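Visitor: Top line first, the protein sequences correspond to chains A and B. The first sequence: position 350 = 350 (the working numbering), numbered continuously. The second sequence: position 569 = 1293 (the working numbering), numbered continuously. Yeah, the Cβ is synthetic: ideal placement off N, Cα and C, and Gly gets one too. The model shown is predicted, which means the values in this text are computed figures rather than measured ones.
There are 2 protein chains.
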Amino acid sequence: MPVLFWIVPVAGVLAVLFVLWLARNVLKHDSGTPKMKEIGDMIFQGAWAFLKRQYSTIAIFSIVIAIVIGVLVGVLGGSGGEAENSYTGFAIAWRTSVAFLVGAACSAIAGFVGMYIAVKSNVRCAAAAQKSLREAVNVALRGGGVAGFLITALSLIGVTAIFFAFGGYNEPEIAPHLIIGFGFGASFVALFAQLGGGIYTKAADVGADLVGKVESGIPEDDPRNPAVIADLVGDNVGDCAGRGADLFESTAAESIGAMILGIAAYLVTKNIVWILFPLVVRGFGMIASMIGLISVKTKESENPMSALNRGYYVSLILAVVGLFISVYFLFNSELHGKEMWFFAAGLVGIVASVIVVFVTQYYTEFRFRPVRDIAEASKTGPATNIIAGMSVGFETTFATALIIGVSLILSYWFGTQTGVEGAGVFGTAVATMGMLMTCPYILTMDTFGPITDNANGINEMAGAGPEVRRITDKLDAVGNTTKALTKGYALVSAGLAAFLLFQAYLDQVSFIKTGEPGGYPLVDLARIEVFVGALLAAMVVFLFSAMSVKAVGKTASKIIEEVRRQFRADPEILNPKDPSKPHKPDYARAVDITARAGLREMIAPGLLPILAPVIIGLVFRWLGYEAPMVVAGFLMVGTIVGIMMASFMNNGGGAWDNAKKMIEDNQLKDEKGNVLGKKTAAHAAAVVGDTIGDPLKDTAGPSLHVLIKLLATVTLVLAPLFVG
Amino acid sequence: MPVLFWIVPVAGVLAVLFVLWLARNVLKHDSGTPKMKEIGDMIFQGAWAFLKRQYSTIAIFSIVIAIVIGVLVGVLGGSGGEAENSYTGFAIAWRTSVAFLVGAACSAIAGFVGMYIAVKSNVRCAAAAQKSLREAVNVALRGGGVAGFLITALSLIGVTAIFFAFGGYNEPEIAPHLIIGFGFGASFVALFAQLGGGIYTKAADVGADLVGKVESGIPEDDPRNPAVIADLVGDNVGDCAGRGADLFESTAAESIGAMILGIAAYLVTKNIVWILFPLVVRGFGMIASMIGLISVKTKESENPMSALNRGYYVSLILAVVGLFISVYFLFNSELHGKEMWFFAAGLVGIVASVIVVFVTQYYTEFRFRPVRDIAEASKTGPATNIIAGMSVGFETTFATALIIGVSLILSYWFGTQTGVEGAGVFGTAVATMGMLMTCPYILTMDTFGPITDNANGINEMAGAGPEVRRITDKLDAVGNTTKALTKGYALVSAGLAAFLLFQAYLDQVSFIKTGEPGGYPLVDLARIEVFVGALLAAMVVFLFSAMSVKAVGKTASKIIEEVRRQFRADPEILNPKDPSKPHKPDYARAVDITARAGLREMIAPGLLPILAPVIIGLVFRWLGYEAPMVVAGFLMVGTIVGIMMASFMNNGGGAWDNAKKMIEDNQLKDEKGNVLGKKTAAHAAAVVGDTIGDPLKDTAGPSLHVLIKLLATVTLVLAPLFVG
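1. According to DSSP, is residue 98(A) helix, strand or coil?
2. Which residues in chain A have a C-beta closer than 8 Å to the C-beta of residue 1227(B)? List them in chain order.
3. Could you give the residue range of the alpha helix (DSSP H) that holds residue 136(A)?
4. From the DSSP output, in three-state form, read off residue 299(A) for me.
5. Can the beta-carbon of residue 238(A) be found less than 8 Å from the beta-carbon of residue 570(A)?
6. If we count Cβ pairs, one from each stretch, closer than 8 Å, do we get three or more for the stretch 1407–1419 of chain B versus the stretch 1369–1384 of chain B?
7. From which residue to which residue does the alpha helix (DSSP H) around residue 482(A) run?
8. Residue 215(A) to residue 318(A), Cα distance in whole Å?
9. When the cut-off is 8 Å and only beta carbons count, does residue 532(A) lie next to chain B?
10. Closer than 8 Å, CB to CB, is residue 1106(B) near chain A or not?
11. Give me whichever residues DSSP pairs with residue 675(A) in a beta bridge.
12. To the nearest angstrom, how far is the alpha carbon of residue 304(A) from that of residue 137(A)?
13. Apart from the five residues just before and just after residue 1268(B), which ones in its own chain have a Cβ nearer than 8 Å to its Cβ?
14. What are the residues of the stretch 624–636 of chain A that lie near chain B, defined by any Cβ-Cβ distance shorter than 8 Å?
15. Give me, in chain order, the residues of the same chain whose beta-carbon lies closer than 7 Å to that of residue 1079(B); leave out the 5 immediate sequence neighbours on both sides.
16. Assign residue 1294(B) to one of three DSSP states: helix, strand, or coil.
17. Smallest Cα separation from residue 1419(B): which of 913(B), 920(B), 877(B) and 880(B)?
18. Note down the Cα distance separating residue 1180(B) from residue 368(A), rounded to an integer number of angstroms.
19. Taking the alpha-carbon of residue 163(A) as reference, which of 151(A), 178(A), 483(A) and 723(A) has the nearest alpha-carbon?
20. For residue 524(A), which three-state DSSP category applies?
21. Between 874(B), 959(B) and 836(B), which lies nearest to residue 1166(B) when the distance is taken from Cα to Cα?
22. Where residue 896(B) and residue 726(B) are concerned, what is the direct C-alpha to C-alpha distance, given to the nearest angstrom?
23. Alpha carbon to alpha carbon, how far is residue 390(A) from residue 376(A)?
24. CA-CA distance, residue 971(B) and residue 1214(B)?
25. What is the residue span of the alpha helix (DSSP H) that residue 779(B) lies within?
26. Please list the segments of the alpha helix (DSSP H) lying wholly inside the stretch 1276–1324 of chain B, counting only runs of 4 or more residues, in order along the chain.
27. Tell me whether the stretch 97–110 of chain A and the stretch 262–282 of chain A touch, counting them as touching only if at least three CB pairs, one residue from each stretch, are closer than 8 Å.
28. Can we count residue 224(A) as close to the ligand SAH, meaning its CB is less than 7 Å from some heavy atom?
29. The stretch 1109–1122 of chain B: which residues have C-beta closer than 9 Å to a C-beta of chain A, in chain order?
30. Would residue 900(B) and residue 816(B) qualify as a contact pair, given that the criterion is a beta-carbon distance under 8 Å?
31. Measure the Cβ-Cβ separation of residue 139(A) and residue 121(A) and say whether it is below 8 Å.
32. Taking buried to mean at least 16 other C-beta atoms within 10 Å of its own C-beta, is residue 710(A) buried or exposed?
33. Does the beta-carbon of residue 385(A) have 16 or more other beta-carbons within 10 angstroms, so that it is buried, or is it exposed?
34. Report buried or exposed for residue 804(B), applying the criterion of at least 16 other Cβ atoms within 10 angstroms of its Cβ.
35. I need the straight-line Cα distance from residue 65(A) to residue 75(A), nearest angstrom please.
36. Comparing the C-beta of residue 1147(B) with each C-beta of chain A, is any distance below 8 Å?
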């Protein structure tokens, strides 16, 4: 075991201690006036109730899936047949099932704890804003840090622990294959967390807006609207829990994939560093992110985004140093200087993560042309606004594809320059790990988003003064930016990881067939069955998008019905006879109805990407085709199309959102130079665009990141079925 | 030469005579009142001016491209190098250039003549409607027949003639490779025709609506709107000329691709039927379609769609008979009964074309759930309408992918059952040819659409009586259906053909390298360069969609400016002081401005799919990768994504359109049972949806069909560049 490996447990333990310190720090903050406390409690209860219900559903599914995997892989996966070896039959089946449950459980724990602190932080952030901007930033950032660091730490500790539990010390060349269930468990939970949360949050948002703002003419976040708490709950369960589960699974699955790819070199060199490298890099990344977070000091007068960015740059620089140390100390004795090509490959990933930030800003901020075009198009009504936004969304795929494509080609080439056989793919794995090094920090910034969004809503509902509102408004805007950046980051990292996960799948197929890596047949797109598999994969991405968008619509209609019912049942909710004693709407019921409907609607789109590759694989196996290759084609083209659609949806949605904000900021003028602001036709048109963008950017788009990785993990785990 | 081959020239000559007869028949009809004549003349002049300008641009581009191909392929394509043979260097370069120009010219001639008659038919159809429905259907159908049969006949005659001109009689194994330029010429013209026409038609439509209906509150097709003639012109240049060029290129490129695939069997058997088969099948298809068209007899009381459908079924049955005869007489002596597997493969194509019709109807008619869902969603405003429509559009990819996937697998399998080596791919070619047999009839029905649409507009502008309006209204609705069906047909045939065109490309690469078929390396998606090529292909489809949608917006803004300018310059256009002497707007100027802007905007998206594969191929060649395989990956995944996006756009757009029509037909009711018709908020919401769907279904979507095939032909032609 190389000495440097100890960075992994050290970083893991440090991260957990850091999380405890952050949590204590946040919780000891004052939670404001009784009114704020009351609102905060309602959000907490709503979010908690949703999570409990959601994770109960997920738990049941998980147990069923664990059993199904065990049986299917055990029985169909070559047990007792010719191909029987450590990678087939019951040898792998029970371990995969156990790893699956552990992965699912870790993801759930991380989600729960992160959420708990986030929902406790929002009201404290709102209260802190009454003191100073700096204080409010601190609370939100530390609250976000609990989620960010706990999630990544549990992923690092979980993968490491199960690796050693399944014999990684004695048989490091076999253990990575046995723990792929962990990645599948993580992506399974992530898909349902993101889908359920995404459907909930956007249904509540759209529903509250349509029935509140449009039908009844009351402002956003007005306490008379029964759906207003559901809307605030939604920000937590969608952005916070959903994205957390997404990146938990990214870090887990991609570490495991990279470890599998390291086996080939291990078998030649008998040097375990090839397998442990991803964990070491992530250990350094954890520490770099921790220091970055601690270094954030907000000046009272500055834009808080600048302070967050400074912390990010600190993390990035330290990550580069950590990467250098890892590469040098792990590989120098073997590669004698050529290991620096791996350092270059890792840099590609780090640079890619920075470029993503700029590109996302270009496409979604109204300083730049794309959003301005959409705002201009709003002058001629909603139709032209939407056509313009769709065009911008489609256009963003250009940058996304170019960043991913160039990063892959470059890091692969750097890998090959080491002269080690098969190191090209390992180069792309190093790039992916490089990109993921700052994940704890990114995730912290992401969770900052829903905390400040909620803080702003709480202040609005509690009737805070204008100075306080100004602070939380500003933080809310920063939160919107960090949420958009995280989505870009999550997407590009998924794209970068895709290639290494394919290769891991192909290695897995090869191991099952021959007990050795690299013996897989080619994935020949010119074969009819591979081509048809690829075509069906593209279709699954579109169908998934259709189902998840439609789920938002269906759930929203349930909320609308409930709000209308409450308004009818008690007209004094809207127009109290005695304004000092307003009738309170039944928030909890609205929350509950949204939760039930949202969870019901998440099931069909959630099962699609799990069942589709399995059915296609088994049907083609039954037809007598080379099923593992069909599934590989399915996986690769599904990934490509998923990345493109997610880029369209995330960035298009963000652009629509900010085109509306640009008009609300009075930045749009008509031909004669008059400002077109709120309550103009142009604003109404932009609101329509924003409403359309919402389910795209917060439900379907982010779920597609998870879908991409789920396709990879489900095919990895079920590879024995297809080989047969 | 097999005796049965004579069906090809016979069918070609018959079709030309048939076209002359149809044209004479249409032209001798009365062209109505002086007012109708005047309007008809304006449309004719506008369409003619646009076409002249459009084809001048295309002609210049074509000549440049012909020279560039000649030079590039001649110099870079292995001339004088090791690989030099009949498929490389100047040997292929000059022939490709000449074939390119001939293909482009044939497409242009077919487009011009078809358009000429279509624009002469509209006013005659309007006049015939004053006599009877039957008479009006006859005029529209015969006018459409001129386009339908001339286009397919020129494609059949053109391919045959150039095949023999380039030595097909003596060296049938080489000639198909030399004529691929013909297919590229055809798809080159088709892309610009479809893009230019599509941009023009939707910009005029959206522009006329926004500035007329929305800003000035005047009804559709009101003579006071300066853009109204441009709108009517647009229907002709978009739907008629564009789709005609699309299917000209389908039939040409797919015949050539199928002929290339036949070479492998020819080399073994020395039996030329393998190469001539596609032409023979199309000859029979031509005759089947002719008899089908002649058989159409409309009863005065029935829905004209039923009459058209009866004619279609006649064509289908005769096509099946023709297919049987072709297969039996060409292959029986060699395959002794096993040739019936090819008959089965051909049936797959014919059945697929029928299923497409039903699926398209399911997704776009308001008898069924999808459109009803969109109409229901309109009740809560434009945002929910658009979300619902987008979801339906995404969902339609399911049926599209399934039809194409199952047809490919089945026809491939039938092909392999003949026991001939490599006959699986030939099976998919037979299926494609089977599907294309009824193309002349389908194209006739398609051109029926813009003729009846125009006839309806002319009657509106000329102030015809309600009974006449009722007839042209009915015909217009039938035309909308036939236009939607043709798009579905064109898309699925493009998808079905895609696989045969890939294989032709791979054969071409193999011939260039080795002088023999089947020697191509595999298209291994697991190689990083192929994967990145595939990723970039998906991106190109999205970017192309972005550019073509944006082009519509930009062009529409020019029209809006011009109409506003005319209204400002002469207020009496809108509100004449003496209503008996209205001031006429300057229609010609509006037409001209739309044409200029539309043609300028078509250039960038038009060049993208031509340049992208060339640049990618050359860059990867320069980087030292196996460029032909990168391009193959690009081609295949670009096709898959193109099919999915086109399915989303065509069907989604159609569904939005008909959701609006459903509301206008008073088929939507609110909770209390009140009808929600025109001038309600639900209708306004549905109008927004329709406006968004328009550029998707009439510009970007149909252009994507062409893009798919253009990718195939441009890579086929430039294959020598990549092999190097």
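Guide: According to the structure data:
1. Position 98 of the first sequence, counting from 1, holds the residue named residue 98(A). Three-state result, residue 98(A): helix.
2. By 1-based counting over the second sequence, the position of residue 1227(B) is 503. Contact note: residue 1227(B) reaches chain A through 526, using a C-beta cutoff of 8 Å and chain order.
3. Taking the first sequence and counting its residues from 1, the one referred to as residue 136(A) is at position 136. Element bounds for residue 136(A): 133–165.
4. Here residue 299(A) refers to the residue found at position 299 when the first sequence is read from its first residue. DSSP places residue 299(A) in coil when its eight states are reduced to three.
5. Here residue 238(A) corresponds to residue number 238 of the first sequence, with the count starting at 1. Here residue 570(A) corresponds to residue number 570 of the first sequence, with the count starting at 1. No, the pair does not count as a contact, with Cβ atoms beyond the cut-off.
6. Judged by Cβ distances under 8 Å, the stretch 1407–1419 of chain B makes contact with the stretch 1369–1384 of chain B, as three or more pairs qualify.
7. For the purposes of this step, residue 482(A) is identified with residue 482 of the first sequence, where counting begins at 1. Going by DSSP, residue 482(A) is part of the alpha helix (DSSP H) stretching over 466–514.
8. For this step, residue 215(A) is matched to residue 215 along the first sequence. For this step, residue 318(A) is matched to residue 318 along the first sequence. Rounded to whole angstroms, residue 215(A) to residue 318(A) spans 52 Å at the Cα level.
9. Within the first sequence, residue 532(A) is the residue found at index 532, counting from 1. At a cut-off of 8 Å between beta-carbon atoms, residue 532(A) makes contact with chain B.
10. Position 382 of the second sequence, counted from the start, is the residue given in the question as residue 1106(B). Closer than 8 Å: yes.
11. Position 675 of the first sequence holds residue 675(A). Beta-bridge pairing links residue 675(A) to 669(A).
12. Within the first sequence, residue 304(A) is the residue found at index 304, counting from 1. Within the first sequence, residue 137(A) is the residue found at index 137, counting from 1. Their backbone Cα atoms lie some 7 Å apart in a straight line.
13. Against the second sequence, residue 1268(B) aligns to sequence position 544. Cβ neighbours of residue 1268(B) within its own chain (closer than 8 Å, five residues either side excluded): 1329, 1332, 1333, 1424, 1427, 1428 and 1431.
14. Taking 8 Å as the cut-off between beta carbons, the residues of the stretch 624–636 of chain A near chain B are 632, 633 and 636, in sequence order.
15. Position 355 of the second sequence holds residue 1079(B). 1127, listed in sequence order.
16. In the second sequence, counting from the first residue as 1, residue 1294(B) sits at position 570. Of the three classes helix, strand and coil, the one that applies to residue 1294(B) here is coil, per DSSP.
17. For the purposes of this step, residue 1419(B) is identified with residue 695 of the second sequence, where counting begins at 1. Checked all of 913(B), 920(B), 877(B) and 880(B); the closest Cα to residue 1419(B) is 920(B).
18. As a position in the second sequence, residue 1180(B) is number 456, starting the count at 1. As a position in the first sequence, residue 368(A) is number 368, starting the count at 1. So the two alpha carbons sit approximately 45 Å from each other.
19. Position 163 of the first sequence, counted from the start, is the residue given in the question as residue 163(A). The shortest C-alpha separation from residue 163(A) is found at 178(A).
20. Sequence index remark: in the first sequence, residue 524(A) carries index 524 (1-based). Residue 524(A) falls in the strand class under three-state DSSP.
21. The count along the second sequence starts at 1 and reaches residue 1166(B) at position 442. Of the candidates 874(B), 959(B) and 836(B), 874(B) places its Cα closest to the Cα of residue 1166(B).
22. Counted from its first residue, the second sequence places residue 896(B) at position 172. Counted from its first residue, the second sequence places residue 726(B) at position 2. Taking the straight line joining both Cα atoms gives about 14 Å.
23. Taking the first residue of the first sequence as 1, we reach residue 390(A) at position 390. Taking the first residue of the first sequence as 1, we reach residue 376(A) at position 376. Their Cα atoms are separated by approximately 14 Å.
24. Here residue 971(B) refers to the residue found at position 247 when the second sequence is read from its first residue. Here residue 1214(B) refers to the residue found at position 490 when the second sequence is read from its first residue. Residue 971(B) and residue 1214(B) have their C-alpha atoms spaced approximately 7 Å apart.
25. Along the second sequence, read from residue 1 onward, the residue named residue 779(B) stands at position 55. Following the DSSP letters along the chain, one finds residue 779(B) inside the alpha helix (DSSP H) bounded by residues 758–800.
26. If only uninterrupted alpha helix (DSSP H) runs of at least 4 residues are considered, none is enclosed by the stretch 1276–1324 of chain B.
27. The stretch 97–110 of chain A is not in contact with the stretch 262–282 of chain A.
28. As for the ligand SAH, it is missing from this structure, which has no ligand bound.
29. If the cut-off is 9 Å between Cβ atoms, the stretch 1109–1122 of chain B has 1110, 1111, 1112, 1114, 1115, 1116, 1117, 1118, 1119, 1120, 1121 and 1122 near chain A.
30. On the second sequence, residue 900(B) is found 176 positions in, with the first residue counted as 1. On the second sequence, residue 816(B) is found 92 positions in, with the first residue counted as 1. Not closer than 8 Å, so no.
31. Here residue 139(A) corresponds to residue number 139 of the first sequence, with the count starting at 1. Here residue 121(A) corresponds to residue number 121 of the first sequence, with the count starting at 1. For residue 139(A) and residue 121(A), yes; Cβs fall inside 8 Å.
32. Within the first sequence, residue 710(A) is the residue found at index 710, counting from 1. Classification of residue 710(A): buried, given that the 10 Å Cβ count is 16 or more.
33. Residue numbering aside, residue 385(A) sits at position 385 when the first sequence is read from its first letter. Result: buried.
34. Taking the second sequence and counting its residues from 1, one reaches residue 804(B) at position 80. For residue 804(B), the pLDDT reaches just 47, beneath the cut-off of 50, and the residue's location in the model is therefore unreliable, leaving the point undetermined.
35. Your numbering for residue 65(A) matches position 65 in the first sequence. Your numbering for residue 75(A) matches position 75 in the first sequence. If you draw a straight line from the Cα of residue 65(A) to the Cα of residue 75(A), it is about 15 Å long.
36. Indexing the second sequence from 1 puts residue 1147(B) at position 423. For residue 1147(B), the answer is no, since every Cβ of chain A falls outside 8 Å of its Cβ.
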